[in-house]
Amino acid sequence: MGSPGCEHAGFTSHSPLYISHPHTDTRTTWLDEGEDVKPPRSLLGLPELSWPGVYLPCYDRLAMEENPWVLRMTEAPTPAPAPAAVPPSRTQEMNPVKPSQVQDTSPEMEGQAEERCLEQVQTMVVGEVLKDVDTACKLLNIAPDPLDWSCVHVQKWLLWTEHLYRLPQVSTMFQELNGKDLCSMTEADFRLRSSQFGDMLYAHLDIWRSTAAMKERCPPEDNKSAADDDSWSEVINNYPNQPIHLWQFLRELLLKPHNYSRCIRWLNKEKGIFKIEDSAHVARLWGIRKNRPAMNYDKLSRSIRQYYKKGIIRKPDVSRRLVYQFVNPV
DNA sequence: AATCAGGAAATGA
DNA sequence: TCATTTCCTGATT
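Next up, the structure:
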């Protein structure tokens with residue numbers, strides 16, 4: 005981060021960036037054995053999926069109450085967010101500006117400090133965007149560069165975007181388009197396909213394109229992924245398009261409590277017992293991953309039950325609703 | 001009303 | 001062929 009050329013991500017003026025962080029330093033650890041201890045809702049994120057992320061203007065329409073500190077870049081000559089609002093794990097290395105640093109200074113100094121501050125925020129935003137795109141790529145099993153997408157990838161991305169912004173189904177309006185087609189479309193083209201959300205999708209795509217362009221300019225240094233990227237390092241399959249198994253997918257989510265403990269979490273990791281907290285949400289994620297828009301918990305749970313006779317997943321000794329157990333815990 | 005169990009057939013890679 | 005997905009009936013929470 006912050007190497008020359010990386011400061012300006014190349015986001016165009018029509019892609020107002022928002023950053024948001026679901027994390028706070030008040031995060032608590034809930035005990036594995038804790039029976040049905042609900043994770044505090046406010047700590048993990050987005051309306052329903054904690055994909056810390058890039059938000060578009062329509063964000064206003066989304067569940068703001070759960071993200072009390074959205075920073076609007078397009079109108080932010082204001083001080084950096086309060087340190088408490090800065091995600092601790094990701095920004096320690098980014099020197100968040102403390103409010104005290106901008107006090108007791110002359111106007112010029114203040115201007116400089118403000119500029120520095122803005123720069124830092126910008127750097128932070130870029131970092132977050134990169135990360136978020138990365139996370140989405142892994143979840144969807146698609147390449148980061150839209151130009152590389154097949155029609156299926158485009159549909160996945162659209163489904164994901166619908167899910168993220170709680171849009172009605174718009175993906176049907178973009179069928180039979182691959183990534184190149186999508187990228188060659190103008191904002192007007194997008195509007196033609198979806199008068200209501202075309203501009204938004206266009207802006208979101210623009211962010212992805214910018215991110216891909218930036219990745220090319222500043223190839224990722226292999227330092228940060230190891231320590232910083234915690235559990236994604238053991239993600240099962242990356243872009244080589246192998247089908248992922250449901251049990252693997254569930255493990256993936258469970259390995260990312262940071263992002264998904266609101267919808268699925270361990271009750272007892274050692275024994276492999278987990279609970280689906282938000283069945284609809286998990287089903288939707290699975291549907292997105294498998295490109296099955298009609299997926300629901302009824303069907304997902306049937307798939308889980310297929311694992312009973314295969315000895316992959318079972319019901320725990322004391323059967324409880326939405327609680328399952330991996331036969332072979334990690 | 002949601003979840004659970006499992007049969008049966010369809011589907012897609 | 002395999003791993004679901006889809007649909008279903010009936011039971012349980």
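Count the first sequence with the working numbering and you get residues 5 to 334, in order.
Note that CB positions come from ideal geometry on N, CA and C, so glycine has one too.
>> Counting C-beta neighbours from all protein chains within 10 Å, is the total for Pro-172 16 or more, i.e. buried, or is it exposed?
In response: Against the first sequence, residue 172 aligns to sequence position 168. Only exposed fits Pro-172, as fewer than 16 other CB atoms lie within 10 angstroms of its CB.
>> Are the CB atoms of Pro-148 and Tyr-137 within a distance shorter than 8 Å?
In response: For this step, residue 137 is matched to residue 133 along the first sequence. For this step, residue 148 is matched to residue 144 along the first sequence. Going by the sequence as given, residue 137 is Val instead of Tyr. Yes, the Cβ-Cβ distance between Val-137 and Pro-148 is below 8 Å.
> In terms of residue numbering, what span does the beta strand (DSSP E) encompassing Phe-330 cover?
Replying inline: Taking the first sequence and counting its residues from 1, one reaches residue 330 at position 326. For Phe-330, the enclosing beta strand (DSSP E) begins and ends at 327-330.
>> If you measure between the beta carbons of Trp-290 and Phe-253, is that distance less than 8 Å?
In response: For the purposes of this step, residue 290 is taken as the residue at position 286 of the first sequence. For the purposes of this step, residue 253 is taken as the residue at position 249 of the first sequence. Yes.
>> Please return the same chain residues whose Cβ sits closer than 8 Å to the Cβ of Gly-183, not counting the five positions on each side in sequence.
In response: For the purposes of this step, residue 183 is taken as residue 179 along the first sequence, with counting starting at 1. Answer for Gly-183: Asp-149, Pro-150, Leu-151, Asp-152, Trp-153, Ser-154, His-157, Val-158, listed in chain order.
> Is the distance from the Cβ of Lys-279 to the Cβ of Arg-269 below 8 Å?
Replying inline: Against the first sequence, residue 279 aligns to sequence position 275. Against the first sequence, residue 269 aligns to sequence position 265. Contact flag set, yes.
> Among all the DSSP beta bridges, which residues are the ones paired with Lys-219?
Replying inline: Along the first sequence, one-based indexing puts residue 219 at 215. Paired residue(s): none; Lys-219 is not in a bridge.
> Roughly how many angstroms separate the alpha carbons of Asn-145 and Thr-176, rounded to a whole number?
Replying inline: As a working note, residue 145 is residue 141 in the first sequence. As a working note, residue 176 is residue 172 in the first sequence. Straight-line Cα distance between these residues: approximately 20 Å.
> When the Cα of Glu-274 is compared with those of Pro-333, Gln-126, Asn-295, Tyr-312, which residue comes out closest?
Replying inline: Within the first sequence, numbered from 1, the residue matching residue 274 stands at position 270. Answer by Cα proximity: Pro-333.
> Which of helix, strand or coil does DSSP assign to Pro-43?
Replying inline: Here residue 43 is taken as the residue at index 39 of the first sequence, counted from 1. Model confidence at Pro-43 stands at a pLDDT of 35, short of 50, so the residue's coordinates are unreliable and nothing is read from them.
> Going by DSSP, what residues sit across from Phe-278 in a beta bridge?
Replying inline: Counted from its first residue, the first sequence places residue 278 at position 274. In DSSP, Phe-278 forms a bridge with Trp-270, Tyr-328.
> Is it buried or exposed for Gly-315, if we count other Cβ within 10 angstroms and need 16 for buried?
Replying inline: Taking the first sequence and counting its residues from 1, one reaches residue 315 at position 311. Exposed: under 16 other Cβ atoms inside 10 Å.
> Around the Cβ of Asn-242, are there at least 16 other Cβ atoms within 10 angstroms (buried) or fewer (exposed)?
Replying inline: Your numbering for residue 242 matches position 238 in the first sequence. Caution is warranted here: a pLDDT of 46 is assigned to Asn-242, below 50, making its placement in the model unreliable, and the coordinate value is therefore given only provisionally. Exposed.
> What does DSSP give as the partner residues of Arg-318 in its beta bridges?
Replying inline: As a position in the first sequence, residue 318 is number 314, starting the count at 1. Among the bridge pairs identified by DSSP, Arg-318 is matched with Gln-329.
> Whose C-beta lies closer than 8 Å to the C-beta of Tyr-312 among residues of the same chain, with five residues either side of it excluded?
Replying inline: Residue mapping note: residue 312 aligns to position 308 of the first sequence, counting from 1. The answer, listed in chain order, is Arg-318, Lys-319.
> Between Val-286 and the rest of its own chain, which residues show a CB-CB distance below 6 Å, the 5 nearest in sequence each way excluded?
Replying inline: By 1-based counting over the first sequence, the position of residue 286 is 282. If we look at Val-286 and ignore the five residues flanking it on each side, its Cβ neighbours are Cys-267, Ile-268, Ile-280.
> Which first and last residues belong to the alpha helix (DSSP H) in which Glu-256 is found?
Replying inline: Start at 1 with the first residue of the first sequence, and residue 256 comes out as number 252. Going by DSSP, Glu-256 is part of the alpha helix (DSSP H) stretching over 250-259.
> How many whole angstroms separate the CB atoms of Leu-163 and Ile-292, which I take to be in contact at a CB cut-off of 8 Å?
Replying inline: For the purposes of this step, residue 163 is identified with residue 159 of the first sequence, where counting begins at 1. For the purposes of this step, residue 292 is identified with residue 288 of the first sequence, where counting begins at 1. The pair is a contact, with the Cβ atoms about 5 Å apart (cut-off 8 Å).
> By Cβ distance, which residues of its chain are closer than 8 Å to Pro-297, with the 5 residues on each side in sequence left out?
Replying inline: Looking up residue 297 in the first sequence gives position 293. Within the same chain, Pro-297 has close Cβ partners Leu-163, Gln-173, Ser-175, Gly-291.
>> Measuring straight from C-alpha to C-alpha, what distance separates Met-299 and His-208?
In response: Position 295 of the first sequence holds residue 299. Position 204 of the first sequence holds residue 208. Between Met-299 and His-208, the C-alpha separation is close to 25 Å.
>> Looking at Ser-283: is its Cβ nearer than 8 Å to the Cβ of Tyr-264?
In response: Counting from one through the first sequence, the residue named residue 283 turns up at place 279. Counting from one through the first sequence, the residue named residue 264 turns up at place 260. Cβ distance not < 8 Å, so Ser-283 and Tyr-264 don't count as in contact.
>> Once DSSP output is grouped into helix, strand and coil, what is the label at Glu-166?
In response: If you number the first sequence from 1, residue 166 lands on position 162. Here Glu-166 sits in helix by DSSP.
> Taking the alpha-carbon positions, what's the Arg-309 to Leu-258 distance?
Replying inline: Counted from its first residue, the first sequence places residue 309 at position 305. Counted from its first residue, the first sequence places residue 258 at position 254. Each residue's CA atom was taken as its position, placing Arg-309 and Leu-258 some 19 Å apart.
>> Please report the straight-line C-alpha distance between Pro-103 and Lys-135, rounded to a whole angstrom.
In response: What you label residue 103 is simply residue 99 of the first sequence in a count that begins at 1. What you label residue 135 is simply residue 131 of the first sequence in a count that begins at 1. Reliability fails at Pro-103, whose pLDDT of 40 lies under 50, so the model's placement of it is uncertain and the value that follows must be treated cautiously. C-alpha separation (whole angstroms): 26 Å.
> Between the C-alpha atoms of Met-218 and Lys-303, what's the straight-line distance to the nearest angstrom?
Replying inline: Your numbering for residue 218 matches position 214 in the first sequence. Your numbering for residue 303 matches position 299 in the first sequence. If I take the Cα positions, the gap works out to 40 Å.
> How many Å lie between Asp-203 and Asp-193 at the Cα?
Replying inline: By one-based count along the first sequence, residue 203 stands at place 199. By one-based count along the first sequence, residue 193 stands at place 189. In a straight line, the C-alpha of Asp-203 is about 9 Å away from that of Asp-193.
> From Gln-179, Lys-294, Met-128, pick the residue whose C-alpha is nearest to that of His-249; which is it?
Replying inline: What you label residue 249 is simply residue 245 of the first sequence in a count that begins at 1. For the residues Gln-179, Lys-294, Met-128, the minimum Cα distance to His-249 belongs to Lys-294.
> Counting along the chain, where does the alpha helix (DSSP H) carrying Phe-194 start and finish?
Replying inline: One-based indexing of the first sequence puts residue 194 at position 190. Phe-194 -> alpha helix (DSSP H) spans 191-197.
> Under a three-way DSSP split, which group does Val-174 fall into?
Replying inline: The residue given as residue 174 occupies position 170 in the first sequence. In the structure shown, Val-174 sits in coil (DSSP, three-state: anything other than H, G, I, E or B).
>> Given this structure, state the Cα-to-Cα distance separating Gln-126 from Val-133, to the nearest angstrom.
In response: The residue you call residue 126 lines up with position 122 of the first sequence. The residue you call residue 133 lines up with position 129 of the first sequence. Each residue's Cα considered, the two are about 10 Å apart.
> Going straight from the alpha carbon of Val-130 to that of Leu-205, what length do you get?
Replying inline: Taking the first sequence and counting its residues from 1, one reaches residue 130 at position 126. Taking the first sequence and counting its residues from 1, one reaches residue 205 at position 201. One C-alpha to the other measures close to 19 Å.
> Which of helix, strand or coil does DSSP assign to Ile-352?
Replying inline: Given that the chain is displayed from residue 5 to residue 334, the structure contains no residue 352 and the question cannot be resolved.
> Where do the N-terminal and C-terminal ends of the alpha helix (DSSP H) with Ser-323 fall, by residue?
Replying inline: The residue you call residue 323 lines up with position 319 of the first sequence. That residue, Ser-323, is in no alpha helix (DSSP H); it is neither H nor E in DSSP.
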